[in-house]
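Each step along the sequence shown adds one to the number in UniProt numbering, with nothing skipped, and position 198 is 198.
Idealized CB from N, CA, C, for every residue including glycine.
Presented below is the structure to which this report refers.
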Amino acid sequence: MTEPKNLVLVHGAWHGPWCWEPLRPELAGRGWTVSTVDLPSTSGDPAAGMHADARAVEAHLAAIDGPVTLLAHSYGGVPATEAAAPNVRALVYLAAHVLKAGESLVSPLGGPWFPPETEFVPGADPLEALYHDVPADLAREAVARLRPQSAKAFTEELTREAWRDTPSALIVCDDDRAMPEPLMKRAVAEGLTDVVRHLPGSHSPFLTRPAELAALLDDVVAALS
Numbered sequence: 001m002t003e004p005k006n007l008v009l010v011h012g013a014w015h016g017p018w019c020w021e022p023l024r025p026e027l028a029g030r031g032w033t034v035s036t037v038d039l040p041s042t043s044g045d046p047a048a049g050m051h052a053d054a055r056a057v058e059a060h061l062a063a064i065d066g067p068v069t070l071l072a073h074s075y076g077g078v079p080a081t082e083a084a085a086p087n088v089r090a091l092v093y094l095a096a097h098v099l100k101a102g103e104s105l106v107s108p109l110g111g112p113w114f115p116p117e118t119e120f121v122p123g124a125d126p127l128e129a130l131y132h133d134v135p136a137d138l139a140r141e142a143v144a145r146l147r148p149q150s151a152k153a154f155t156e157e158l159t160r161e162a163w164r165d166t167p168s169a170l171i172v173c174d175d176d177r178a179m180p181e182p183l184m185k186r187a188v189a190e191g192l193t194d195v196v197r198h199l200p201g202s203h204s205p206f207l208t209r210p211a212e213l214a215a216l217l218d219d220v221v222a223a224l225s
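Structural data, given as structure tokens:
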């Protein structure tokens, strides 16, 4: 019998499971059984940080019978790195932070530079930073669905590096205006993942090119196998 193709999607900062909606049918058409994690740090609770998010990912993974591919976007790469469980066969970072133990999301950038109780809202122009090539109506709908993000999620440090023990890949979006370029270059230069692939366009390919992203995921998983 063929092993089930379980795929767990972890969203990034300010987002929720809604952001995967255009991608899910493309993945289902390729035989994936898809589920999503809703991270507590975007729930409006400033006390919920990266470790709470990692526990949510761990609990979700533990409830799945069989091997799992874990796909994490942007900030979601941090709790995914902390939480990846024994049933995770492949870890895919989609325009995501690939960090080392002892680092937080902001520490490689010289942070934190804000009080720990801060609750972040998206920057001054999320349309430009996150969705500059997304169709206008869809981009405005996405901005309206963004949620505040706890600063604690950006300052709690990793205690483990799942990419050391799990085959992993980084998908770089070539016109990404949200991910700090030095972090992408570091991940590639230092070989923090096993496979690197590229997509054209912005930080949000699940909205702009879901079919292309689904096809690339199959290619990545095959390469990691």
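Q. Closest to R140 by CA distance: which of R89, E128, V10 is it?
A. E128
Q) Pick from E58, R145, P108, A48: whose alpha carbon is nearest that of P182? A) P108
Q. Quick one: Cα of residue 236 to Cα of R197, how far?
A. The structure shown does not extend to residue 236, since the chain is modelled only from 1 through 225, so no value can be given for it.
Q. Is S150 helix, strand or coil when you go by DSSP?
A. strand
Q: Ignore the nearest five residues each way along the sequence and tell me which others in M1's own chain have a CB closer than 7 Å to its CB.
A: For M1, the pLDDT reaches just 43, beneath the cut-off of 50, and the residue's location in the model is therefore unreliable, although a value from the coordinates is still provided. Result list for M1: empty, nothing under 7 Å.
Q) Can you give the Cα-Cα distance for D176 and K185, rounded to whole angstroms? A) 13 Å
Q) By a C-beta neighbour count over all protein chains shown, 10 Å radius and 16 as the cutoff for buried, is D125 buried or exposed? A) exposed
Q. Under a three-way DSSP split, which group does T33 fall into?
A. strand
Q: Just tell me which of Y93, L9, L23, H15 has its CA closest to the CA of C173.
A: Y93
**Q.** Assigned exposure category for P205 - 16 Cβ within 10 Å defines buried
**A.** buried
Q. Got a sec? Which residues, its chain only, sit under 6 Å from A83 by beta carbon, not counting five neighbours each side?
A. A54, V57, E58
Q.
With H, G and I counted as helix, E and B as strand and the rest as coil, what does DSSP make of L170?
A. strand
**Q.** CB contact flag (G16, R145, <8 Å)
**A.** yes
Q) Of the residues R147, T166, L130, which one's Cα is nearest the Cα of A178? A) L130
Q: Within its chain, find whatever has a CB closer than 7 Å to the CB of L23; leave out the 5 residues flanking it on each side and keep chain order.
A: F206, P210, L213, A214
Q. How many Å lie between L105 and N87 at the Cα?
A. 25 Å
Q. Around the Cβ of P79, are there at least 16 other Cβ atoms within 10 angstroms (buried) or fewer (exposed)?
A. buried
Q | Supposed contact pair T193 and L170 - C-beta distance, whole angstroms, cut 8 Å | A | 4 Å
Q | Residue closest to L224, alpha-carbon to alpha-carbon, out of H60, L91, A96 | A | L91
**Q.** Buried versus exposed, by CB contacts within 10 Å (16 or more), G102
**A.** exposed
Q: Below 6 Å CB to CB, which residues in the same chain sit around A48 once its five sequence neighbours on both sides are set aside?
A: P40, S41, S150
Q: Give me whichever residues DSSP pairs with T69 in a beta bridge.
A: L7, A90
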